[in-house]
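The sequence shown stops at residue 597 when you use this note's numbering, and every number in between is there. These notes are about the structure you will find just below.
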Amino acid sequence: MREPAFWYRPPSLLSRLLAPLGAIYGAITAQRMSRAGASAGIPVLCVGNYHLGGAGKTPTTLALVKLLRELGEQPFVVSRGYGGTQQGPLRVDPASHSAADVGDEPLMLASRVPVIVSRDRVAGAALARASGASVVLLDDGFQNPSLAKDASLIVIDAARGIGNGGVFPAGPLRAPVEPQIARTDALIVIGAGEAANDIAAAVAKRGAPVLRARLVPDQASVDKLRGQRVLALAGIGDPARFFATLRASGVTVAEEKSFADHHPFTPDEIERLVSDAAATSLALVTTEKDMARIRSDARLKAYVDRIVTFAVTLKFDDESALRDFVAGRLTKARAR
């Protein structure tokens, strides 16, 4: 879905009219979050966010994969597979699955880490363990109580925060912020800005660590675009963040094209974008997640070589603090 603009503006008449629905939705979600979950038999680290839409969970997951491997672990990602048709549990195979099968994020991640897609997260964790996982990285699922979590690391964008603070549909929150903060074991604030400061202060007050991080572009991606003007396209939760990252990397963005998160591109759309970019001498550039959908669609493969993928990684200001937190949680989980 495309996020309504009023979610990230001061409370409006529309958000107030929708607030009663948000109160009902939020109460149900908060009540569900209080339930006890099933044990996976191995540590479970959840990467989530408080709200609908993008915040940087995928680069955070990849950063945790790297850290866990340095700690000698064998991490598997367990994902619901949003946008895919497969119910699972199944292990994602980038050579045979498409984004339409398993979702774009699992497909993108599967080229770097074993990924299990499963609507039933308990069954997904069981398959991960049976396949050799020593740790489950739960992609999203913070508000889902089915699987017990040994740590919930919540990602928030420093520039967007939690928007107008309303619960869906009045705002972007999946549940009232207070019960979500109460279950936050670590907060990861990505980027520059002050919109997340109040949340960070509330989390820190509870004694949970607040970790600052930033998206760093892959140098090879920057080099490909050096000296070129680009048409940037993005069908992710927060396209504006992608466009801002391009500009901050010294890339001249001449035109922007935004689509809804997980948007399934059609051949006509991609052909039009490729033609428009060529007609105006622009390089066409997109995100890794968008490229996962494009590359896995047989109808679009002819266009892949005409689109530049702009890759980013997440860098923490204090990597030792993250390492200490994760290592501590793993030790605590195994001591039970």
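Cβ atoms here follow ideal geometry from the backbone N, Cα and C, with glycine treated the same way.
Inter-residue spacing [alpha-carbon to alpha-carbon] between residue i and residue j
{"i": "residue 328", "j": "residue 414", "result": "14 Å"}
{"i": "residue 363", "j": "residue 344", "result": "7 Å"}
{"i": "residue 280", "j": "residue 393", "result": "45 Å"}
{"i": "residue 297", "j": "residue 590", "result": "18 Å"}
{"i": "residue 586", "j": "residue 305", "result": "14 Å"}
{"i": "residue 373", "j": "residue 270", "result": "37 Å"}
{"i": "residue 224", "j": "residue 464", "result": "Any answer about residue 224 is impossible in this case: the structure gives the chain only from 262 up to 597."}
{"i": "residue 407", "j": "residue 303", "result": "15 Å"}
{"i": "residue 426", "j": "residue 434", "result": "7 Å"}
{"i": "residue 384", "j": "residue 367", "result": "16 Å"}
{"i": "residue 401", "j": "residue 520", "result": "22 Å"}
{"i": "residue 494", "j": "residue 533", "result": "12 Å"}
{"i": "residue 387", "j": "residue 274", "result": "46 Å"}
{"i": "residue 301", "j": "residue 390", "result": "8 Å"}
{"i": "residue 347", "j": "residue 378", "result": "8 Å"}
{"i": "residue 397", "j": "residue 376", "result": "10 Å"}
{"i": "residue 371", "j": "residue 287", "result": "33 Å"}
{"i": "residue 403", "j": "residue 539", "result": "43 Å"}
{"i": "residue 437", "j": "residue 294", "result": "11 Å"}
{"i": "residue 324", "j": "residue 563", "result": "32 Å"}
{"i": "residue 356", "j": "residue 272", "result": "46 Å"}
{"i": "residue 395", "j": "residue 334", "result": "6 Å"}
{"i": "residue 424", "j": "residue 267", "result": "9 Å"}
Beta-carbon contacts of residue i that lie in its chain and below 6 Å, excluding the five residues immediately before and after
{"i": "residue 567", "result": "535"}
{"i": "residue 561", "result": "531 and 555"}
{"i": "residue 431", "result": "276, 279, 280 and 283"}
{"i": "residue 607", "result": "Absent from the structure is residue 607, since the part of the chain shown begins at 262 and ends at 597."}
{"i": "residue 411", "result": "304, 305, 590 and 594"}
{"i": "residue 350", "result": "377, 379, 384, 385 and 388"}
{"i": "residue 317", "result": "416 and 451"}
{"i": "residue 505", "result": "none"}
{"i": "residue 352", "result": "377"}
Bridge partner(s) assigned by DSSP for residue i
{"i": "residue 514", "result": "491"}
{"i": "residue 474", "result": "451 and 577"}
{"i": "residue 413", "result": "307"}
{"i": "residue 340", "result": "378 and 400"}
{"i": "residue 544", "result": "491"}
{"i": "residue 522", "result": "None; residue 522 has no bridge partner."}
{"i": "residue 299", "result": "408"}
{"i": "residue 358", "result": "For residue 358, which the question treats as bridged, DSSP gives no partner whatsoever."}
{"i": "residue 418", "result": "451"}
{"i": "residue 352", "result": "377"}
Host alpha helix (DSSP H) of residue i (start-end)
{"i": "residue 290", "result": "274-294"}
{"i": "residue 460", "result": "458-466"}
{"i": "residue 528", "result": "528-540"}
{"i": "residue 436", "result": "Premise fails: residue 436 is in no alpha helix (DSSP H) and is neither H nor E."}
{"i": "residue 497", "result": "Premise fails: residue 497 is in no alpha helix (DSSP H) and is neither H nor E."}
{"i": "residue 365", "result": "365-370"}
{"i": "residue 332", "result": "Element bounds for residue 332: n/a, residue is neither H nor E."}
N-terminal and C-terminal residue of the beta strand (DSSP E) that residue i is part of
{"i": "residue 398", "result": "396-400"}
{"i": "residue 484", "result": "Careful: residue 484 lies outside any beta strand (DSSP E), inside the alpha helix (DSSP H) at 480-486."}
{"i": "residue 559", "result": "It is not in any beta strand (DSSP E) - residue 559 carries neither H nor E in the DSSP assignment."}
{"i": "residue 570", "result": "569-571"}
Own chain residues within Cβ distance below 8 Å of residue i, not counting five before or after
{"i": "residue 469", "result": "445, 446, 447 and 448"}
{"i": "residue 569", "result": "482, 485, 486, 491, 544, 545, 546 and 547"}
{"i": "residue 330", "result": "336"}
Classification of residue i by the beta-carbon crowding that lies within 10 angstroms, buried from 16 upward
{"i": "residue 467", "result": "exposed"}
{"i": "residue 565", "result": "exposed"}
{"i": "residue 457", "result": "buried"}
{"i": "residue 419", "result": "buried"}
{"i": "residue 581", "result": "exposed"}
{"i": "residue 285", "result": "exposed"}
{"i": "residue 528", "result": "exposed"}
{"i": "residue 559", "result": "exposed"}
Cβ-based neighbour list, residue i, same chain, cut-off 7 Å, excluding 5 preceding and 5 following
{"i": "residue 477", "result": "573, 574 and 576"}
{"i": "residue 441", "result": "311"}
{"i": "residue 549", "result": "369, 570 and 572"}
{"i": "residue 522", "result": "262, 314, 315, 496, 497 and 498"}
{"i": "residue 322", "result": "308, 338, 370, 398 and 400"}
{"i": "residue 524", "result": "496"}
Heavy atom of the ligand MG within 8 Å of residue i beta-carbon
{"i": "residue 375", "result": "Because no ligand of any kind appears in the structure shown, any question about the ligand MG cannot be addressed here."}
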